[in-house]
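Asker: Here's a structure for you.
2 protein chains.
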Amino acid sequence: MSSVNAPQDIKREKILDASYQRFLHYGYSKTTMNEIAGDLAMSKALLYYYFPDKSQLYVAVMNKLATDFINVLTEKVAASTDLLSAFKAQIDNHHNFMVTNYNFFDFFRLNEQNIPAEIWEIIGTIHQTEIELLSDALVKDVDAGKVTAVEVPVDMIDLILDALHGVKVRAMSHKKTGFPLKEHLDEIYQKRLTLIEIFVKGLGC
Amino acid sequence: MSSVNAPQDIKREKILDASYQRFLHYGYSKTTMNEIAGDLAMSKALLYYYFPDKSQLYVAVMNKLATDFINVLTEKVAASTDLLSAFKAQIDNHHNFMVTNYNFFDFFRLNEQNIPAEIWEIIGTIHQTEIELLSDALVKDVDAGKVTAVEVPVDMIDLILDALHGVKVRAMSHKKTGFPLKEHLDEIYQKRLTLIEIFVKGLGC
DNA sequence: ATTTGATAATTTTGTTTAAAAAGTCAGGAA
DNA sequence: TTCCTGACTTTTTAAACAAAATTATCAAAT
Numbered sequence: 001m002s003s004v005n006a007p008q009d010i011k012r013e014k015i016l017d018a019s020y021q022r023f024l025h026y027g028y029s030k031t032t033m034n035e036i037a038g039d040l041a042m043s044k045a046l047l048y049y050y051f052p053d054k055s056q057l058y059v060a061v062m063n064k065l066a067t068d069f070i071n072v073l074t075e076k077v078a079a080s081t082d083l084l085s086a087f088k089a090q091i092d093n094h095h096n097f098m099v100t101n102y103n104f105f106d107f108f109r110l111n112e113q114n115i116p117a118e119i120w121e122i123i124g125t126i127h128q129t130e131i132e133l134l135s136d137a138l139v140k141d142v143d144a145g146k147v148t149a150v151e152v153p154v155d156m157i158d159l160i161l162d163a164l165h166g167v168k169v170r171a172m173s174h175k176k177t178g179f180p181l182k183e184h185l186d187e188i189y190q191k192r193l194t195l196i197e198i199f200v201k202g203l204g205c
Numbered sequence: 001m002s003s004v005n006a007p008q009d010i011k012r013e014k015i016l017d018a019s020y021q022r023f024l025h026y027g028y029s030k031t032t033m034n035e036i037a038g039d040l041a042m043s044k045a046l047l048y049y050y051f052p053d054k055s056q057l058y059v060a061v062m063n064k065l066a067t068d069f070i071n072v073l074t075e076k077v078a079a080s081t082d083l084l085s086a087f088k089a090q091i092d093n094h095h096n097f098m099v100t101n102y103n104f105f106d107f108f109r110l111n112e113q114n115i116p117a118e119i120w121e122i123i124g125t126i127h128q129t130e131i132e133l134l135s136d137a138l139v140k141d142v143d144a145g146k147v148t149a150v151e152v153p154v155d156m157i158d159l160i161l162d163a164l165h166g167v168k169v170r171a172m173s174h175k176k177t178g179f180p181l182k183e184h185l186d187e188i189y190q191k192r193l194t195l196i197e198i199f200v201k202g203l204g205c
């Protein structure tokens with residue numbers, strides 16, 4: 001196998017880093033390929049040597065973020081002793097991720113519809129991972145007799161994540177997209193923590 | 001006070017009925033004032049005698065729907081014996097309302113942003129009513145010793161409604177607006193019923 | 001107080017055009 | 001052969017304008 005430290009991979013990483021900074025600061029549509037190339041003191045054409053097009057470059061950056069996200073989440077959930085703390089770790093991790101990378105997701109606000117399939121795959125993978133980690137934690141608690149048996153743990157976790165994800169802020173400024181505003185993230189975070197406690201309690205014996 | 005059966009009110013009602021049919025069948029943007037007037041065999045100008053503009057006509061129709069909605073909900077919740085059945089009545093009523101009037105809400109899908117303030121007021125009133133009815137049911141269950149005491153019942157209900165409202169369908173067709181697709185309404189309905197059972201159980205002693 | 005035909009004002013839709021950005025390619029350098 | 005670029009072409013975006021559709025108004029009639 002080729003080393004991950006091969007020169008072309010190094011350069012690829014540099015491109016991803018520079019792109020991430022631009023996307024994070026200015027958003028997808030306000031970032032041009034010329035600017036990214038300029039930041040790296042290379043020609044725009046070279047970007048197209050490494051990536052087929054702009055959207056795939058964005059996808060690659062997102063993939064990197066997702067990998068980090070999943071790694072940190074796995075680590076945190078593994079360190080959890082019970083279902084409740086596993087959920088709290090998930091909520092915490094998600095909140096952290098959103099706050100840190102908020103502007104990066106301009107892409108979603110502006111495009112809204114017709115997001116490339118690759119993006120949905122990444123989101124699907126993240127979601128799948130969350131379900132696996134949390135349903136493991138659920139099964140453990142069931143086995144330990146902490147919560148009542150659940151027919152299909154995976155479905156149960158899916159449902160709860162769905163409910164948690166749906167928590168929004170009842171704001172007067174109902175303008176704009178369904179994407180939460182940055183100033184609401186903390187409130188949503190708190191609400192989710194409150195909710196999950198009730199939820200897990202509801203699962204208890 | 002003037003009778004609700006005064007001739008001008010009768011005509012007003014006829015206009016509202018005809019408008020509702022048009023809006024329900026074709027949606028807001030595909031309904032013209034000429035068509036509504038045509039249905040009623042009256043001049044378009046007369047519509048403007050009764051309503052200041054098209055959006056206020058839509059609001060008036062919606063107001064009528066909302067009044068019905070609230071009345072039925074109040075009735076159903078009053079007939080409930082405990083918190084769980086009260087919630088089920090709410091979920092049921094909401095689902096019914098959405099299925100029946102689905103196309104009427106094209107307005108929301110198309111306008112998406114900048115919905116007139118009056119609409120938000122109506123939605124706010126509905127939500128307020130739901131909170132009042134359900135928090136009453138909650139307090140009753142607390143008093144009956146069925147569930148543990150809650151600090152601020154109204155906030156608790158608000159939070160739960162928020163979570164229930166957030167339930168969506170994890171579909172491949174992530175296209176289009178955040179407004180649920182008609183073919184997903186039943187699935188959402190079932191999920192909410194499952195969720196609320198866990199929730200109320202979580203509140204229990 | 002109600003109603004309308006005629007008309008005014010606004011919004012939507014479509015077209016054109018210029019600029020900006022995305023994307024391509026033949027060929028040079030390592 | 002892999003990496004890289006300048007110059008080029010194609011596509012997208014934005015502004016300006018006109019035509020058509022629709023909303024909204026109003027003087028006059030009932």
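Listed in order, the protein sequences are those of chains L and F.
Reminder that position 7 of the first sequence reads as 7 in UniProt numbering, one-by-one numbering, no gaps.
Reminder that position 130 of the second sequence reads as 130 in UniProt numbering, one-by-one numbering, no gaps.
In this text, a Cβ means the ideal position worked out from N, Cα and C, and glycines have one as well.
Being a predicted model, the structure only gives us computed values, none of them experimental.
With a CB to CB cut of under 7 Å and the five nearest residues on each side skipped, what residues in its chain are close to L:K54?
Answerer: Closer than 7 Å at the Cβ level, and outside the excluded window around L:K54, lie M33.
Asker: Nearest-angstrom Cα distance between L:A137 and F:V61?
Answerer: If you take the alpha carbons of L:A137 and F:V61, they lie about 50 Å apart.
Asker: Check the Cβ-Cβ distances between L:L161 and every residue of chain F, and say whether any is below 7 Å.
Answerer: Not an interface residue.
Asker: Work out the CA separation of L:N103 and L:V150 for me, nearest whole Å.
Answerer: Rounded to whole angstroms, L:V150 to L:N103 spans 39 Å at the Cα level.
Asker: Is it buried or exposed, F:A41, if we count other Cβ atoms within 10 angstroms and call 16 or more buried?
Answerer: Exposed, since its Cβ has fewer than 16 Cβ neighbours within 10 Å.
Asker: Would you call F:G202 buried or exposed, if buried means 16 or more other Cβ atoms sit within 10 Å of its Cβ?
Answerer: F:G202 is buried by the Cβ-count criterion.
Asker: Out of F:L164, F:W120, F:T129, F:D143, which has the shortest C-alpha to C-alpha gap to F:T74?
Answerer: The candidate whose alpha carbon is nearest that of F:T74 is F:T129.
Asker: For L:G27, return the contacting residues in chain F, with the cut-off set at a CB-CB distance below 8 Å.
Answerer: Residues of chain F passing the Cβ test: none, with the nearest at roughly 18 Å.
Asker: I'd like the span of the alpha helix (DSSP H) that includes F:M33, first residue to last.
Answerer: Counting along the chain, the alpha helix (DSSP H) containing F:M33 begins and ends at 33 to 39.
Asker: Below 7 Å between beta carbons is the criterion; list the residues of the segment 176 to 199 of chain F that meet it against any residue of chain L, in chain order.
Answerer: Answer in chain order: K176, G178, K191, T194, L195, I198, F199.
Asker: Using the Cα positions of L:V200 and F:V147, report the straight-line distance between them to the nearest angstrom.
Answerer: Looking at the two C-alpha atoms, the distance is approximately 15 Å.
Asker: Mapping the DSSP letters down to three states, classify F:V147 as helix, strand or coil.
Answerer: Strand, per DSSP.
Asker: Cα separation between L:F97 and L:L185?
Answerer: Taking the straight line joining both Cα atoms gives about 11 Å.
Asker: Any Cβ of chain L within less than 7 Å of the Cβ of F:G202?
Answerer: For F:G202, the answer is yes, since a Cβ of chain L falls inside 7 Å of its Cβ.
Asker: Check whether chain F comes within 7 Å of L:G166, counting only Cβ atoms and requiring the distance to be less than that.
Answerer: By this cut-off, L:G166 is an interface position.
Asker: So, are the CB atoms of F:G178 and L:G145 less than 7 Å apart?
Answerer: No, the Cβ-Cβ distance between F:G178 and L:G145 is not below 7 Å.
Asker: Exposed or buried, which one is F:K44 when buried takes at least 16 other CB atoms within 10 Å?
Answerer: The residue is exposed, with fewer than 16 neighbouring Cβ atoms inside 10 Å.
Asker: How long is the line joining the alpha carbons of F:S2 and F:L24, rounded to whole angstroms?
Answerer: Because F:S2 sits at a pLDDT of 43, beneath the cut-off of 50, its placement in the model cannot be relied upon, and the point is left open.
Asker: From the DSSP output, in three-state form, read off L:R170 for me.
Answerer: It is coil, neither helix nor strand.
Asker: Just mark L:D162 as buried or exposed, buried being the case when its beta carbon has 16 or more other beta carbons within 10 Å.
Answerer: So L:D162 counts as buried.
Asker: Measure from the alpha carbon of L:E118 to the alpha carbon of each residue in L:M156, L:K64, L:Q56, then state which is nearest.
Answerer: Checked all of L:M156, L:K64, L:Q56; the closest Cα to L:E118 is L:Q56.
Asker: Measure the CB-CB distance between L:K76 and L:N93 and report whether it falls below 7 Å.
Answerer: Yes, these two residues count as a Cβ contact at 7 Å.
Asker: Would you say L:S19 reaches chain F, if we count a Cβ-Cβ gap shorter than 7 Å as a contact?
Answerer: Output row for L:S19: interface = no.
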